[in-house]
Amino acid sequence: MNSKSIIEKEVQENQYIDIRNICSINGSAKFDPNTNITTLTEAINTQAGAIAGKTALDMRRDFTLVADIYLGSNSSGADGIAIAFHRGSIGFIGTMGGGLGILGAPNGIGFEIDTYWKATSDETGDSFGHGQMNGPHAGFVSTNRNANYLTALAPMQKIPAPNNTWRVLTINWDARNNKLIASLQEKNNDSSTRSATPRYQTWELLNPAFDLNQKYTFVIGSATGAANNKHQIGVTLFEAYFTKPSIEANPVDIEIGTAFDPLNYEPIGLKATDEVDGDITDKITVESNDVDTSKPGAYRVKYKVVNSYGESDEKTIEVVVYTKPTITAHDVAIKKDLAFDPLNYESIGLKATDPIDGDITDKITVESNDVDTSKPGKYHVTYKVINSYEQFDVKPIEVIVYTKPTIEAHDVKIKKDTAFDPLNYEPIGLKATDPIDGDITDKITVEFNDVDTSKPGAYRVRYKVVNNYEERDEKIITVTVPVIDDGWENGDPTGWKFFSGETITLEEDEENALNGKWVFYADKHVAIYKQVELKNNTPYQITVYVKPEDKETEKEHIVKVSFKSDSAGQESEQIINERLIDAEQIQKGYRKLTSIPFTPTTIVPNKKPVIIVENFLPGWIGGVRIIVEPTKEEL
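So that you can map any letter, position 114 of the sequence shown is 316 in my numbering, and since no number is skipped, the others follow by simple counting.
In structure tokens form, the structure reads like this:
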């Protein structure tokens, strides 16, 4: 409570205020925090309960106390309730019994509500007819004029006996006019149960002996003796200038690991002041402190200060030990062209947590994002989150946009009986690449391979490669083992003859040779042949490589290729009849003439058919190749 406040007024959800910040509860008294009602005594003999002020009042200023009181249900019960304003120490409680907890309060003026039906025995000989008044009564009294009983300071008035109803007690101090006024009113206005005595009564005490330059505190007491009643009070209003000291302290947030001294941590702004004592910060004590700066969390520090009069103030602050938040996010790989939202892509597992704020995923922002799902590659997203203490975390992740890999492999032709390894045959040019994984040639596997180099034919090899993202590519190549593949690289005519029966003569002419150094040359029309092993009903294809001696003659230069199923027979089948100008141009001035597939059907068993190549003008024959035509079968 701030000592500089003029009015102390608390608003509660119920009708009574919580008085514990200015009062202590003592003896048999019990405070109910649910109703803010204090039960001073139960209806039990020899009970004594009191509410003692923890602060003082500045009597130079007005005050008003309004409270509902309950005096019990037993009309013959005892002893009542009293309130006194005195100059005793904080927490003072007077003599109980007939003294109602206020008797003996130093320099005190009280208001007693005495319900004992034989009350005259307590105040025999007292003034204002106090000693002659029999039964329940109320009025202003001195608390220490007589050590044995409360002494009346103004005329007493009879009041209704306890009747199981609540009454409203109001005490008002008018400092300017030096007047103390009390009123008592029954709350129950039901005509069937109202008392026959007046329902509203007032008492006035002029010029009470208050020393306005001194502090006064208060006590509210109740007691039972041989007779009893239940006594309760609920304060609805206490407007006053309380003079207790005041602690100022701010809640603070500190970073984990920071040294913390609750009495010297500057951001708290710890200070205590008192209107009389002045600055009493050095008198502040720490009543409790559970702060552990090694662990994030919300902690409490409770301070207390006591002034020279014994008044105290308490202040509890929250100390939040914070650390930076944490972002959780995983690197991800996504397929090319997929939609990508960096804040909502589930596989990232994006989450931000803070020891104090809890889940702050909704506070994550994207600081950078270069992801382009239309292009395979490695990209990056950077996230940031800031907690309520301006601490932040940054988390970068890698986003890989992937697609399937690619296999490169070329069809090849290999000579009969050549060793063949489909993964290491260099002319195939086997290679696998991936936009992310790079060169993954070592991951290529052979899924199918029917190559048999001991037999001429067209074969298949099927390759497969899988990248790190389970994407795959397949490639099928044709491996052709020719029936003949004569290029004469080593100078061997390989069975080619003239029709005279003589073996052809090769020339060593590297300049005009298609392969190596050897080539067949004729300066005029020539026909050569070779016996070959072919099979009926098998498709074949013949390729002949020819270079004219005079390039200008290509339009008239004719090349023919014929097939005879029986070398001794007269019938032949024309396979190629083409002018060089119409053939494919290849290296070193050669033309490549390739037949359409042909399928023999008349080969006689145990007879070797003949291939005849006829060159009608001077020139070079660089080679002849016969292959089995590849089929279109799927693997």
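The beta-carbon is built from N, C-alpha and C at its ideal position, and this holds for glycine as well. Please read these numbers as outputs of a predicted model, since none were measured by experiment.
With DSSP as the reference, identify every bridge partner of residue i, one or two as the case may be.
{"i": "Leu408", "result": "Lys381"}
{"i": "Tyr581", "result": "Val601"}
{"i": "Lys753", "result": "Partner(s): none; Lys753 has no beta bridge."}
{"i": "Thr528", "result": "Thr555"}
{"i": "His339", "result": "Asp316 and Lys360"}
{"i": "Glu388", "result": "Arg369"}
{"i": "Lys838", "result": "What is shown of the chain runs 203 to 837, which leaves residue 838 out entirely."}
{"i": "Val478", "result": "Its beta-bridge partners do not exist; DSSP assigns none."}
{"i": "Trp720", "result": "Glu710"}
{"i": "Asp539", "result": "According to DSSP, Asp539 bridges with nothing at all."}
{"i": "Tyr501", "result": "Val521"}
{"i": "Lys699", "result": "Thr705 and Tyr731"}
Indicate whether residue i and residue j have their beta-carbon atoms separated by less than 8 Å.
{"i": "Asn374", "j": "Gly274", "result": "no"}
{"i": "Asp494", "j": "Tyr505", "result": "no"}
{"i": "Pro364", "j": "Leu382", "result": "no"}
{"i": "Trp368", "j": "Lys389", "result": "yes"}
{"i": "Phe622", "j": "Val653", "result": "yes"}
{"i": "Ala252", "j": "Ala269", "result": "no"}
{"i": "Glu513", "j": "Thr257", "result": "yes"}
{"i": "Gly300", "j": "Tyr351", "result": "yes"}
{"i": "Ile519", "j": "Pro469", "result": "no"}
{"i": "Ile361", "j": "Gln403", "result": "yes"}
{"i": "Lys615", "j": "Asp687", "result": "yes"}
{"i": "Ala384", "j": "Gly303", "result": "no"}
Helix or strand or just coil, what does DSSP make of residue i?
{"i": "Pro469", "result": "helix"}
{"i": "Val830", "result": "strand"}
{"i": "Tyr783", "result": "Reading off the sequence, residue 783 comes out as Ile, not Tyr. If DSSP states are grouped into helix, strand and coil, Ile783 belongs with the helices."}
{"i": "Lys762", "result": "strand"}
{"i": "Asp564", "result": "helix"}
{"i": "Asp494", "result": "coil"}
{"i": "Ser549", "result": "helix"}
{"i": "Glu516", "result": "strand"}
{"i": "Glu314", "result": "strand"}
{"i": "Asp636", "result": "strand"}
{"i": "Ile679", "result": "strand"}
{"i": "Glu489", "result": "strand"}
{"i": "Gln789", "result": "helix"}
{"i": "Asp220", "result": "coil"}
{"i": "Asp725", "result": "coil"}
{"i": "Gly838", "result": "Beyond the ends of the chain as shown, which are 203 and 837, falls residue 838; an answer cannot be given."}
{"i": "Thr426", "result": "coil"}
{"i": "Asp644", "result": "helix"}
{"i": "Thr483", "result": "helix"}
{"i": "Ile616", "result": "coil"}
{"i": "Glu773", "result": "coil"}
{"i": "Ile805", "result": "coil"}
{"i": "Ile630", "result": "helix"}
{"i": "Phe294", "result": "coil"}
{"i": "Glu450", "result": "strand"}
{"i": "Asn651", "result": "strand"}
{"i": "Tyr351", "result": "coil"}
{"i": "Asp376", "result": "strand"}
Count the other CB atoms, across all protein chains shown, that sit within 10 Å of the CB of residue i; report buried if there are 16 or more and exposed otherwise.
{"i": "His582", "result": "exposed"}
{"i": "Asp595", "result": "buried"}
{"i": "Asp619", "result": "exposed"}
{"i": "Gln776", "result": "exposed"}
{"i": "Glu600", "result": "exposed"}
{"i": "His433", "result": "buried"}
{"i": "Ser549", "result": "exposed"}
{"i": "Pro436", "result": "Per the sequence shown, the amino acid found at residue 436 is Gly instead of Pro. When all chains shown are included, Gly436 counts as buried."}
{"i": "Ser323", "result": "Its pLDDT being 46, under 50, Ser323 is placed unreliably by the model, and the measurement read from it follows with that caveat. Counting Cβ neighbours within 10 Å, Ser323 comes out exposed, since fewer than 16 surround it."}
{"i": "Lys726", "result": "exposed"}
{"i": "Lys497", "result": "exposed"}
{"i": "Val488", "result": "exposed"}
{"i": "Arg289", "result": "buried"}
{"i": "Leu819", "result": "buried"}
The ligand NAP heavy atoms versus the CB of residue i: any closer than 7 Å?
{"i": "Glu756", "result": "The ligand NAP is not part of the structure shown, which contains no ligands of any sort."}
Taking one C-beta from the stretch 631–649 and one from the stretch 603–612 each time, how about it: are there three or more such pairs within less than 8 Å? Yes: the two stretches touch, three or more of their Cβ pairs being nearer than 8 Å.
Below 8 Å, how does it come out for the stretch 817–824 and the stretch 708–726: are there three or more Cβ pairs, yes or no? These segments touch.
Per the contact definition of three or more C-beta pairs closer than 8 Å, is the stretch 548–566 in contact with the stretch 511–528? yes
Please confirm if the stretch 444–453 is in contact with the stretch 333–344, defined as three or more CB-CB distances below 8 Å between the two stretches. no
Hey, is the stretch 778–788 in contact with the stretch 740–754, meaning 3+ C-beta pairs nearer than 8 Å? Judged by pairs of C-beta atoms under 8 Å, the stretch 778–788 touches the stretch 740–754, as three or more such pairs exist.
When you compare the stretch 659–676 with the stretch 802–812, are there three or more beta-carbon pairs, one atom per stretch, that lie closer than 8 Å? no
Is the stretch 282–289 touching the stretch 532–545 in the sense that three or more CB pairs, one from each, lie closer than 8 Å? no
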